[in-house]
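Structure, as structure tokens:
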Amino acid sequence: MNQDTAARLAAFQRNVAQAENDVDRFTLMQQEIVAIETTETSRDGGVTVVAGPAGAVRSITISPSAMGMSAQALSRLVTTTFQQAVAKAARQQAEIVQRYAGDRTDIAARVNKVQEELANPPQPPADAWHDAPPHPEPQVQPPVQPQHAAPAPRPAAPARPPRSDDDEEFRFGSEDSF
Numbered sequence: 670m671n672q673d674t675a676a677r678l679a680a681f682q683r684n685v686a687q688a689e690n691d692v693d694r695f696t697l698m699q700q701e702i703v704a705i706e707t708t709e710t711s712r713d714g715g716v717t718v719v720a721g722p723a724g725a726v727r728s729i730t731i732s733p734s735a736m737g738m739s740a741q742a743l744s745r746l747v748t749t750t751f752q753q754a755v756a757k758a759a760r761q762q763a764e765i766v767q768r769y770a771g772d773r774t775d776i777a778a779r780v781n782k783v784q785e786e787l788a789n790p791p792q793p794p795a796d797a798w799h800d801a802p803p804h805p806e807p808q809v810q811p812p813v814q815p816q817h818a819a820p821a822p823r824p825a826a827p828a829r830p831p832r833s834d835d836d837e838e839f840r841f842g843s844e845d846s847f
């Protein structure tokens with residue numbers, strides 16, 4: 670084996686070893702992500718949400734005291750607690766991925782930026798409703814008279830196959846039919 674071939678073989682073996690190492694690290698990362706479970710409870714303790722990776726909600730618990738709230742207030746409380754639990758799980762997931770990715774990219778900063786943008790969407794100006802141009806009235810069109818077309822001719826019924834001589838006659842209800 671010449672030196673060039675030996676060098677290529679050594680490089681190939683290093684690449685295979687690195688790939689195996691990457692697969693092992695990916696498997697460990699995946700196991701850590703699957704195990705993520707965050708619990709978030711509303712300030713008043715009325716709602717508790719348990720979230721997992723990728724926004725999966727494992728449970729939502731509503732306390733008896735929260736059941737006394739109006740439907741609208743309870744809905745807001747559930748939604749807020751849900752969003753907090755999912756965001757916390759997403760941050761944990763980003764931290765795990767960041768540990769395995771190293772400093773190639775700042776994953777955690779990207780996740781935090783997206784969460785900040787989702788939590789604080791731009792608000793339209795207060796008078797945007799009043800400044801909007803009025804919607805034009807729809808134009809009423811006269812009804813369109815359907816044009817009657819002659820019905821399509823019916824296809825001819827298929828011809829009955831000729832009767833062969835060996836057909837037995839069968840009469841329902843006759844004595845010789847059995």
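The sequence shown maps to residues 670 to 847 in this note's numbering. Ideal Cβ positions, reconstructed from N, Cα and C, are used throughout, including at glycine. Just so it is clear, the structure is predicted and the values come from calculations on it, not from any experiment.
State the Cα-Cα distance for the pair residue i and residue j, rounded to the nearest angstrom.
i	j	result
V692	T710	37 Å
V703	A720	11 Å
I705	R779	19 Å
A676	Q687	16 Å
V716	R694	37 Å
I776	Q682	31 Å
Can you check which of these residues, the options, is closest to residue i by C-alpha distance?
i	options	result
T696	V783, V780 and V766	V766
T750	V685, Q687 and T707	T707
A723	R712, D713, I731 and A754	A754
S734	T748, R712 and Q752	R712
Q699	A825, A770, V685 and Q682	A770
V783	R768, R829, A756 and A825	A756
Could you check whether the Cβ of residue i sits closer than 9 Å to any Cβ belonging to chain C?
i	result
S744	Included in the structure is just one protein chain, with no chain C present.
Counting C-beta neighbours from all protein chains within 10 Å, is the total for residue i 16 or more, i.e. buried, or is it exposed?
i	result
V726	exposed
A679	exposed
Going by the CB atoms, is the gap between residue j and residue i shorter than 9 Å?
i	j	result
S728	G714	no
V718	V747	yes
Using a Cβ distance threshold of 8 Å, determine whether the stretch 752-769 contacts the stretch 736-744, with at least three qualifying pairs required. no
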